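The block underneath contains the structure these notes are about, expressed in C-alpha cells.
Protein chains in written order, with my numbering: chain R, 1 to 464; chain F, 465 to 949.
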C-alpha cells in the first residue's frame, strides 16, 4: 500500500557483474615499481590480469579505453597493518592468548572505510586482531572488493596469519584497573603484568601446542594401526599455533623496543617457528641486522612516535635504515584515516633517509606484498599479475595528487568522477527518506514536531 | 446451558479481565472461521471441549450442555504464537538481535526461579555493557556464559504480568527461552495460561537461543568480549559436542580398556537441543550466520531480520526459517537535532517492515516475534506495519500461527483451527489487525478470557509502536494500568 522508495542499487558505485572487462589504459606514466617507469605507456587488462605493458600496446576493438594522458598509474596500494572492517571488537582482550578467534569470522563488508580507502588507491589490507594480548587472533588478507560479501573479499591464495603483541599493550591488562566499572570491587588483573610475562605466555602456548601436536600424531598413528581410540579434543586455541609451527600461518608481531624484538627472535628460534613481520617496530633500526638474519620483514610508521613511553626512542629514518640493512620494509597505516593516503606516507621516506621514488613506492606495494607472501600475484605492474591498479592525476608521491580510478582484478571499484556524479542523486534520496520519516512521526504525534525527527539535511554530510 | 451462560455473564461484568470457569463444552456458532490450515469457513461452528478443538465445520454438532456463543459477526482465528519470547519468565528481557554486534549487551535479568548468583554493585547493574552477576571466567575452558542446561519449562510461571497483555493481543502461546549468557538454555512452547508453570508447557525442548554478548575490554568481564570471541566460543562448544558424542559412542561399544568420558552438563544440554536460534539482523550478519549455522551442522533458525530485504534470495536458497522482530527500527528519540542520520539506517527503517511480505512471496518459512513489544495496541500496530508494507493479511495470520508451529515442529497440536488441536482460539469482532477490531474472547487450553478494552486499545494517545525498549512498567511508559495488577 505504502510505496517503497526504489533505493537499492542507486546508493553507491557498484561493480558490474559478469566477467572482467578488457580495458586499455592509454598514455599514462606507468610506475611499475619492479620494472622501472614507462613514460606515455599503456597497460592492457584482460581476464582480470595485466596482459601487456608498453609504449605501443594493441587492444581488441571491444576494449574499454581509458585515456590517462598526464596521469600516473601505479600498482594498487597494500597495507600490511589494518583493522578496517572488523565488526564487534578488534580485540578479544580478556585472555592472554586469544588465538582461537579469527578476524575472518567478523569482516564487515559494509564498513564504509573500505570504500574510503579505495578512494585513496588502497586495494589490499592485512586485517589484524588488536594488540591487547601476547598472542592475539587469526588474521586475513582482504581485497577491497567493495560491494561484495565478506567471503568474496578474502584474497585467494594468501596465507592466513596470527597477531602477536609485545610490550605495553599486552601487559597493560595486567595493571590494576580503576574505573567506573570496577569501583567498589577488587580490580581484576589479567596475566601478564610485565614484559617477562609476555615472553612466558608465548613460550607456554607453544609448549602446549607441541604437546597437542604430539597427542594428535599419537592418535593418528594408533588409528593407522587399526585401533579405535577416543580422539583428543580439538582445541581451537592450539590449532593455529600448530599451523605456525608447521609453516602454514604467518606471525605478525606488534612490537616497539629492540630488547623485546630480540626476545621474540630467541623464543621463535627455540620453539622452531619464524616471525614473518615485525609490526610498528619503531626501534627496528637498532636491531635491523638481526631482523634481516631471521628473515623477517618490518612494517613501520612513517613519522609518528612518542605517543607512549615505548615509542619514544623512534626516528622517521627507521624505514630507510632498516632497508639499507637488508630488511624488507613496508609503511603501514594501522588507521582508517592514514590508509587513505599511504602513498604520501611512503613519500616521507624520501625526505627522511633519502629513499628513491621507486624505493618509496615499494614500501606500500611490492614490499608489503612480499611480507604477505603474495608478491607473485600483486604489488607491481607486471604481465601476468592481477590487475590491481590505481590511477592518480599527479605523481602519487606528490601532495597534490588525487586518486582518480582503482581497479581490482580488472574490475573498476572506484571512479572519482562517477562518485561525484552520484552524490546529488544520493542526497536527494536521503532527503526524501528523512522527509517521509518526519511526516510519519508528525502524523503520529498529531502534527506536533519533535526535535530529533525534524532535522534538515545538508548535502554531502555523512553520505555513506 | 442457561446456568453456565448466566454464570459467565455475571463474572464478565464483575471483572475487567476475566478468566472464567470453564464450561465443559463451548460452541462458537455460525462464525467466520480462519482455519489457516485450510480455506476460511464463512459460516461454521467451532466446538471446544476438554481443552481441545472437538469439531469445526458448518454442520458441527453442538454437544448438549455447551455454552453457545452466537458467532454472527465474529471471526475465529487460531491463537497467535510468539515466535521467540521471554513471556512466562518474569523479568527476562528479550534478546536484541539488532544490537548483537558492536554494541553493549543488555544487563542480565534475574528470573526468580534461577539459582542465585554473586552480588554485584549498583554501578554495574545500571551501566550498559556490564554483565551483572557473572562470575569472571579464567578462560574459554571454563565455558563461561553457557546455560545450555537451563530449561524454560522449569522457569515459566503464570504470574508473569505480561501474559495478560499478550492475551489481549490475541496471543495464546509462545516459544519462550531462558535469557542469560551466550548459550541461553532450552526453550519451550508454552500456553499463556495455567495454574502453574507445569500446566503451561506444551512442548520442550524446542531449541537453544544463541545471543552474542559483546562489549568490555579486559577488566570486569570474562571471555569472550568480542564478536569473534563469541563465534569461536560457540564453534568450540560444538566441536566439543562432536568429540563428546564420539567418545561416548566408542566407550559404549567397548568400555573395557578405554578411559571413561566425563559427564558434561553443558554438552548434554546442547545435545538435547533440536535446533539453535542465531541472531542476524543486518545483511552481513545474515550471510555470516547462514555460513556459521551450516558449519555447525545443526538445524538452525535466524532471528532479527530487519535488513533481510537485501538477503531474501540467500535465505530462501539456504532453506532456513526466519523470525522477524516486531520491534521495528525507528529514529531514536531525543537525539542531537544536528545529527544527520546514516543512510543505511534510514533505508533499514524504511524497508524493514517490507521483509515479511518479501519472504511470503519468495516462499521463506517465517514468523514474527514480539522482541519486547508487549502491549496489545503496539503488537497490533507492529503487525499492521508489515501488512501496509506488502504482507497479505492471510500471510500475517499464518506468520503468527501455523508457521511458528511448523518451525518448532508442533504443528500437530497448535497453529490452526483444526479438529484435535489444542483449544487455543481467538474470537474477534472485525479483522484481527484493524484498529477498531475488538477481541471478544480468547481461549487458551480451553480456558476463556475476555480482555478489557483498556488492555486491547491502550490510552487514546498511546506511544508510537516499536519505540519502547525492554519491558517498562505501564506507569513508567505513560500507559494505562487498566486490568493489570
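For each residue, glycine too, the CB sits at the ideal point set by N, CA and C.
As the structure is a prediction and not an experimental result, all values here were calculated from the model.
Practice prompt. Apply the 10 Å Cβ neighbour rule to residue 72 of chain R and answer buried if 16 or more other Cβ atoms are within range, or exposed otherwise.
Written response: In the first chain, residue 72 of chain R corresponds to position 72, counting from 1. Result: buried.
Practice prompt. Within the same chain, show all residues whose beta-carbon is closer than 6 angstroms to that of residue 77 of chain R, passing over the 5 residues directly before and after it, in chain order.
Written response: Here the question's residue 77 of chain R lines up with position 77 in the first chain. Here the set comprises 121, 122, 342 and 364.
Worksheet item: Mind checking if residue 150 of chain R is an interface residue toward chain F, Cβ cutoff 9 angstroms exclusive?
Response: Residue mapping note: residue 150 of chain R aligns to position 150 of the first chain, counting from 1. Interface flag for residue 150 of chain R against chain F is set, since a Cβ pair is found closer than 9 angstroms.
Worksheet item: Which one or two residues does DSSP pair with residue 901 of chain F in a beta bridge?
Response: Start at 1 with the first residue of the second chain, and residue 901 of chain F comes out as number 437. Beta-bridge annotation (DSSP): residue 901 of chain F is not paired with any residue.
Worksheet item: Can you name the start and end residues of the beta strand (DSSP E) that residue 135 of chain R belongs to?
Response: Numbered from its first residue, the first chain carries residue 135 of chain R at position 135. Taken as a continuous stretch (DSSP letters only), the beta strand (DSSP E) holding residue 135 of chain R covers 135-143.
Worksheet item: Does the stretch 503-514 of chain F touch the stretch 610-624 of chain F, meaning 3 or more C-beta pairs lie closer than 8 angstroms?
Response: Contact fails: fewer than three Cβ-Cβ distances are below 8 angstroms.
Worksheet entry | Near-chain F residues of the stretch 223-252 of chain R (beta-carbon distance less than 9 angstroms), N- to C-terminal order | Across the stretch 223-252 of chain R, CB contacts with chain F closer than 9 angstroms involve 228, 229, 230, 231, 232, 233, 234, 235, 236 and 237, in sequence order along the chain.
Worksheet item: Any idea which residues DSSP pairs residue 638 of chain F with across the strands?
Response: Translated into positions along the second chain, residue 638 of chain F becomes position 174. DSSP, once it has assigned bridges, lists F:546 and F:654 as partnering residue 638 of chain F.
Item to complete: Give every residue of the same chain whose Cβ lies closer than 7 angstroms to the Cβ of residue 444 of chain R, excluding the five residues on either side of it in the sequence, and list them in chain order.
Response: Here residue 444 of chain R refers to the residue found at position 444 of the first chain. Answer for residue 444 of chain R: no residue qualifies.
Worksheet entry | residue 888 of chain F burial status per 10 Å Cβ neighbour count (16 or more: buried) | Your numbering for residue 888 of chain F matches position 424 in the second chain. Around the CB of residue 888 of chain F, 16 or more other CB atoms lie within 10 Å, so the residue is classed as buried.
Discussion item. Relative to the C-alpha of residue 160 of chain R, which candidate in R:191, R:128, R:168 and R:144 has its C-alpha closest?
Written reply: Position 160 of the first chain, counted from the start, is the residue given in the question as residue 160 of chain R. For the options R:191, R:128, R:168 and R:144, the alpha carbon positioned closest to that of residue 160 of chain R is the one of R:128.
Fill in: Stretch pair the stretch 390-399 of chain R + the stretch 309-320 of chain R: three plus CB contacts closer than 8 angstroms
Too few Cβ pairs lie closer than 8 angstroms, so no.
Practice prompt. Return helix, strand or coil for residue 252 of chain R, following the three-state DSSP convention.
Written response: Taking the first residue of the first chain as position 1, residue 252 of chain R is located at position 252. It is a strand residue.
Worksheet item: Using a C-beta cutoff of 9 angstroms, does residue 430 of chain R count as contacting chain A?
Response: In the structure shown, chain A cannot be found, because the protein chains are R and F.
Discussion item. I need the DSSP call for residue 107 of chain R, collapsed to helix, strand or coil.
Written reply: Position 107 of the first chain, counting from 1, holds the residue named residue 107 of chain R. In the three-state reduction of the DSSP assignment, residue 107 of chain R falls in the strand class, which pools E and B.
Item to complete: Would you kindly work out how many angstroms separate the C-alpha atoms of residue 768 of chain F and residue 723 of chain F, rounded to a whole number?
Response: Reading the second chain from its first residue, position 304 is the one you call residue 768 of chain F. Reading the second chain from its first residue, position 259 is the one you call residue 723 of chain F. Cα to Cα, the separation comes out at about 44 angstroms.
Worksheet item: Any residues in the stretch 695-712 of chain F with a beta carbon nearer than 7 angstroms to a beta carbon of chain R? Which ones, in chain order?
Response: Here the close residues are 695, 696, 699, 700, 703, 704, 707, 710 and 711.
Fill in: Proximal residues, the stretch 486-520 of chain F versus chain R, C-beta separation under 9 angstroms
The residues in question: there are none.
Practice prompt. Can you have a look at residue 225 of chain R and say buried or exposed, based on whether 16 or more other CB atoms are within 10 angstroms of its CB?
Written response: Your numbering for residue 225 of chain R matches position 225 in the first chain. Per the 10 Å Cβ criterion, exposed.
Worksheet item: Checking contacts by CB at 9 angstroms: is residue 779 of chain F closer than that to chain R?
Response: In the second chain, residue 779 of chain F corresponds to position 315, counting from 1. It does not: the Cβ of residue 779 of chain F has no partner Cβ on chain R nearer than 9 angstroms.
Worksheet item: Just how far apart, CA to CA, sit residue 414 of chain R and residue 542 of chain F?
Response: By one-based count along the first chain, residue 414 of chain R stands at place 414. By one-based count along the second chain, residue 542 of chain F stands at place 78. Separation of residue 414 of chain R and residue 542 of chain F (C-alpha to C-alpha, rounded to the nearest whole angstrom) is 54 angstroms.
Worksheet item: For chain R, is any of its Cβ atoms less than 9 angstroms away from the one on residue 678 of chain F?
Response: Translated into the one-based positions of the second chain, residue 678 of chain F becomes position 214. At least one CB atom of chain R sits nearer than 9 angstroms to the CB of residue 678 of chain F.
Discussion item. Please identify, using Cβ separations under 8 angstroms, the residues of the stretch 535-554 of chain F that lie next to chain R, in order along the chain.
Written reply: From the stretch 535-554 of chain F, no residue has a Cβ closer than 8 angstroms to chain R.
Worksheet item: How is the beta strand (DSSP E) around residue 914 of chain F delimited, first residue to last?
Response: One-based indexing of the second chain puts residue 914 of chain F at position 450. Its beta strand (DSSP E) spans residues 911-914.
Worksheet entry | Proximity below 9 angstroms, CB of residue 817 of chain F to CB of residue 921 of chain F | For the purposes of this step, residue 817 of chain F is taken as the residue at position 353 of the second chain. For the purposes of this step, residue 921 of chain F is taken as the residue at position 457 of the second chain. For the pair residue 817 of chain F and residue 921 of chain F, the CB atoms are not nearer than the 9 angstroms cut-off.
Fill in: Partners in chain R for residue 1032 of chain F, counting only beta-carbon separations shorter than 9 angstroms
Outside the shown range of chain F, which is 465 to 949, sits residue 1032 of chain F, and nothing can be said about it.
Discussion item. Against residue 162 of chain R, what residues of chain F qualify as contacts under a CB-to-CB distance less than 8 angstroms, listed in chain order?
Written reply: Taking the first residue of the first chain as position 1, residue 162 of chain R is located at position 162. What residue 162 of chain R touches in chain F: nothing, since even the nearest Cβ is about 13 angstroms away.
Worksheet item: Between residue 45 of chain R and residue 21 of chain R, is the Cβ-Cβ spacing less than 9 angstroms?
Response: Sequence index remark: in the first chain, residue 45 of chain R carries index 45 (1-based). Sequence index remark: in the first chain, residue 21 of chain R carries index 21 (1-based). Taking 9 angstroms as the cut-off, the Cβ atoms of residue 45 of chain R and residue 21 of chain R count as close.
Item to complete: Ignoring anything shorter than 3 residues or poking outside the stretch 318-362 of chain R, list the beta strand (DSSP E) runs there in chain order.
Response: Along the stretch 318-362 of chain R, the beta strand (DSSP E) occurs as fully enclosed runs of 3 or more residues at 329-331, listed in sequence order.
Item to complete: Would you verify that the beta carbon of residue 958 of chain F is, or is not, closer than 9 angstroms to some beta carbon of chain R?
Response: Any property of residue 958 of chain F remains undetermined from this structure, which presents chain F solely from 465 to 949.
Item to complete: Tell me, please, whether the CB atom of residue 727 of chain F is closer than 9 angstroms to any CB atom in chain R?
Response: In the second chain, the residue the question calls residue 727 of chain F occupies position 263. Chain R contact via Cβ: absent.
Worksheet item: Is residue 589 of chain F close to chain R, meaning its C-beta is less than 9 angstroms from at least one C-beta of that chain?
Response: Looking up residue 589 of chain F in the second chain gives position 125. In this predicted model, residue 589 of chain F has a pLDDT of only 31, less than 50, meaning its place in the structure is not dependable; the value taken from the coordinates is given anyway. Residue 589 of chain F does not count as touching chain R.
Discussion item. What does the Cβ neighbour count give for residue 64 of chain R, buried or exposed, with the cut at 16 atoms within 10 Å?
Written reply: Taking the first chain and counting its residues from 1, one reaches residue 64 of chain R at position 64. So residue 64 of chain R ends up on the exposed side.
Item to complete: Have a look at residue 706 of chain F and residue 99 of chain R and give me their C-alpha separation to the nearest angstrom.
Response: As a working mapping, residue 706 of chain F is identified with position 242 in the second chain. As a working mapping, residue 99 of chain R is identified with position 99 in the first chain. So the two alpha carbons sit approximately 21 angstroms from each other.
Worksheet entry | Beta-carbon neighbours of residue 622 of chain F, restricted to chain R and to distances below 7 angstroms | The residue you call residue 622 of chain F lines up with position 158 of the second chain. In chain order: nothing, as chain R lies at least about 34 angstroms away.
Item to complete: Decide if residue 632 of chain F is buried, meaning its Cβ has at least 16 other Cβ atoms within 10 Å, or exposed.
Response: If you number the second chain from 1, residue 632 of chain F lands on position 168. Around the beta carbon of residue 632 of chain F, a 10 Å sphere encloses 16 or more other beta carbons of the protein chains shown; the residue is thus reported as buried.
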